[in-house]
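S.K.: Dumping the structure here so I can ask a few things about it.
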Amino acid sequence: MITVRTLAQTVGTLIACFPAIEYGQLYHRHLEILKINSLKTVYDFERLILLSEEAMSDLKWWLNDGLKSKKSLVRVKPRATNKSDSSGYAWGAVMNNTDSGTSNSVTHGMWRDDERKEHINVLELKAAMLAVQSLCRELTDCHVRIEIDNTTAVAYINSMGGTHSLKCNDISRQLITWCKARGIWLSACHIAGKDNAKADSYSRKQSIHTEWTLNKAMFKNLCQTFGTPVIDLFASRTNHQLSRYMSLYPDPNAEAINAFLHSWDEYVYIFPPFNLIPRVLKKLVEDQTERALIIVPMWTTQSWYPQVGNYAEKPNNTLKAIKNTSVSSIRHKSNSSSLQETEVDGLHLVREKMRSIGMSRTTSEIILSSWREKTQRQYSIYLKRYERFCKTKNADPFDRNEKTLIAFLTDMYKKKYGYSAINTARAAVSSVNDVGSHPLVCRFMRGVFNLRPSCPR
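Numbering (UniProt numbering), first residue to last: 1 to 457.
This is the structure we're talking about:
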């Protein structure tokens with residue numbers, strides 16, 4: 001055990017060494033956090049404290065490696081430049097070759113349900129980490145620069161962590177440690193949102209037609225019946241069923257990119273996007289794959305359906321019709337008892353509203369087309385959130401209840417949303433219950449504008 005004063009003196013000494021020690025900032029943060037937390041409870045520098053395991057690990061690095069390390073005075077120009085961005089439901093990134101100035105590769109993906117609840121600063125940092133880990137896997141011993149339109153993420157990367165947010169500190173530490181192991185020096189700089197348009201566009205792509213996963217319990221039952229496959233051919237970091245998987249876009253943990261470019265010579269698990277089923281069946285024949293666990297919908301009228309039976313009739317292959325199969329998307333869980341695509345966008349509330357007043361499906365779609373595609377995406381997001389909020393309050397989203405809407409908008413205000421986002425949410429909800437123009441709602445929005453006005457673009 002040591003006193004808080006001794007710990008503070010040690011931290012000060014380590015900070016003084018930063019100009020000469022390459023990764024000194026990375027390996028002092030747990031000591032700094034321990035000091036801050038110790039003084040928060042009781043402001044007494046003479047109090048004895050016990051070093052945490054993380055703090056001990058940082059000290060060991062200084063004793064074993066830190067004092068022997070050195071720091072480059074001049075950095076070579078970046079070999080690659082990444083641009084990343086995050087939205088509330090997805091992330092995207094673009095890597096540019098600095099020498100040629102061309103865009104080499106892109107990647108994007110959806111956030112898991114637990115990740116969507118994180119603060120935007122956490123998501124921006126995680127997007128930067130996934131971008132580097134996905135697009136720079138083949139790079140070693142070079143300088144990589146990442147450009148982000150979030151100043152907090154830039155600060156955490158360049159400072160190799162921070163003490164204000166432990167989650168941001170952990171993510172930046174993971175990122176820097178990953179780069180350090182490959183000899184990559186990572187730097188970050190801030191760019192305006194208008195200069196990050198491509199990454200931003202990828203961060204707003206909702207891959208709802210490809211991000212499907214079989215119910216975990218059903219997958220386990222299939223493995224018990226047919227054996228556990230070796231690799232998942234159509235997956236991502238958010239929906240893979242097996243530790244080994246291939247993905248459509250560069251992915252930090254994927255074994256390979258684009259399953260069609262590789263040989264299927266193992267026992268493979270295949271749950272492809274439905275539009276790729278004909279290519280999958282053709283690939284199985286071309287590679288003479290002996291064992292495959294394939295999940296396809298029982299669409300008997302499709303042209304590819306007889307091919308499934310033909311493949312199963314080959315030696316060593318079996319086909320078994322499995323009913324009551326549950327499929328879920330990354331964004332929504334399906335309780336349906338048959339294999340079918342669930343309605344995954346929030347606009348189903350608008351469609352239900354139209355049907356309730358006697359509008360045909362065609363008429364409803366024409367009316368929805370009056371909104372631009374971007375507006376439809378925004379409304380869909382906020383309507384889904386409003387529907388979930390109403391469920392927690394046992395309220396009906398179709399009821400013209402100004403109190404429920406104001407409570408929902410207040411919740412958004414507490415989560416640091418700006419006037420523009422809150423006003424968009426109000427308009428979206430008003431499209432299904434016409435409550436957005438209620439005098440109390442209008443006064444509430446006027447108050448939001450006065451307290452948190454929109455910033456000029």
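Beta carbons: idealized from backbone N, C-alpha and C, even for Gly. Please read these numbers as outputs of a predicted model, since none were measured by experiment.
Over what stretch of residues does the beta strand (DSSP E) that includes D170 continue unbroken?
M.R.: Not the beta strand (DSSP E): D170 falls in the alpha helix (DSSP H), residues L166 to A181.
S.K.: Where do the ends of the alpha helix (DSSP H) carrying A199 lie?
M.R.: A197 to S203
S.K.: What first and last residue would you give for the beta strand (DSSP E) that runs through D232?
M.R.: I231 to A235
S.K.: Around the Cβ of S328, are there at least 16 other Cβ atoms within 10 angstroms (buried) or fewer (exposed)?
M.R.: Caution is warranted here: a pLDDT of 40 is assigned to S328, below 50, making its placement in the model unreliable, and no coordinate value can be reported.
S.K.: For A55 and L39, which I take to be in contact (beta-carbon distance under 8 Å), what is that distance rounded to the nearest angstrom?
M.R.: Incorrect: roughly 15 Å between the Cβ atoms, too far for contact.
S.K.: If you draw a straight line from the alpha carbon of residue 463 to that of D200, how long is it in whole angstroms?
M.R.: Residue 463 is absent from the structure shown; the chain starts at 1 and stops at 457.
S.K.: For D85, which three-state DSSP category applies?
M.R.: strand
S.K.: Drop a sphere of 10 angstroms on the beta-carbon of D58, count the other beta-carbons inside from all chains shown, and report buried for 16 or more, exposed for fewer.
M.R.: buried
S.K.: So C189 is in the beta strand (DSSP E); what residue range does that whole segment cover?
M.R.: I184 to H190
S.K.: If I follow the unbroken beta strand (DSSP E) through M95, where does it start and stop?
M.R.: Here the beta strand (DSSP E) through M95 covers A90 to N97.
S.K.: At the level of alpha carbons, what is the spacing between M110 and L214?
M.R.: Near 17 Å, if we compare the C-alpha coordinates of L214 and M110.
S.K.: Pick out the complete beta strand (DSSP E) segments inside the stretch 253-299, 3 residues or longer, and give them in chain order.
M.R.: 268-270 and 292-294
S.K.: Alpha carbon to alpha carbon, how far is S87 from N150?
M.R.: 12 Å
S.K.: Helix, strand or coil for A395, going by three-state DSSP, please let me know.
M.R.: coil
S.K.: For a test of the three-state rule: what should DSSP assign to L214, helix, strand or coil?
M.R.: It is a strand residue.
S.K.: Could you please give the first and the last residue of the uninterrupted beta strand (DSSP E) stretch that includes I148?
M.R.: C142 to I148
S.K.: If I follow the unbroken beta strand (DSSP E) through S247, where does it start and stop?
M.R.: Y245 to S247
S.K.: Pick helix, strand or coil for M129, following the three-state DSSP scheme.
M.R.: helix
S.K.: Classify L48 as helix, strand or coil using the three-state DSSP reduction.
M.R.: Per DSSP, reduced to three states, the secondary structure at L48 is strand.
S.K.: In the DSSP assignment, the alpha helix (DSSP H) including G447 goes from what residue to what residue?
M.R.: P439 to L451
S.K.: Can you tell me the Cα-Cα spacing of G446 and Y419, whole angstroms?
M.R.: Note that residue 446 corresponds to Arg in the displayed sequence, not to Gly. Here the alpha carbon of R446 sits roughly 9 Å from the alpha carbon of Y419.
S.K.: Can you tell me the Cβ-Cβ gap for N196 and A153, rounded? I've got them flagged as a contact below 8 Å.
M.R.: That belief does not hold up - the Cβ atoms of N196 and A153 are roughly 12 Å apart, past 8 Å.
S.K.: Rounded to whole angstroms, what's the CA-CA distance from P397 to I381? Just pull it up for me.
M.R.: 14 Å
S.K.: Rounding to the nearest angstrom, what Cα-Cα distance links F271 and P306 in this structure?
M.R.: 18 Å
S.K.: On a CA-only basis, which of L166, V76, L67 and P19 is nearest N37? Give me that one, please.
M.R.: Nearest option by C-alpha distance: L166.
S.K.: On the CB-based measure, 16 or more other CB atoms within 10 Å of its CB, does A128 come out buried or exposed?
M.R.: buried
S.K.: Evaluate T13 with the Cβ neighbour count: other Cβ atoms within 10 Å of its Cβ, from every protein chain shown; 16 or more gives buried, anything less gives exposed.
M.R.: exposed
S.K.: Using only the alpha-carbon positions, how far apart do L233 and T301 sit?
M.R.: 26 Å
S.K.: So R173 and G161 are supposed to be a Cβ contact under 8 Å. How far apart are they, rounded?
M.R.: 5 Å
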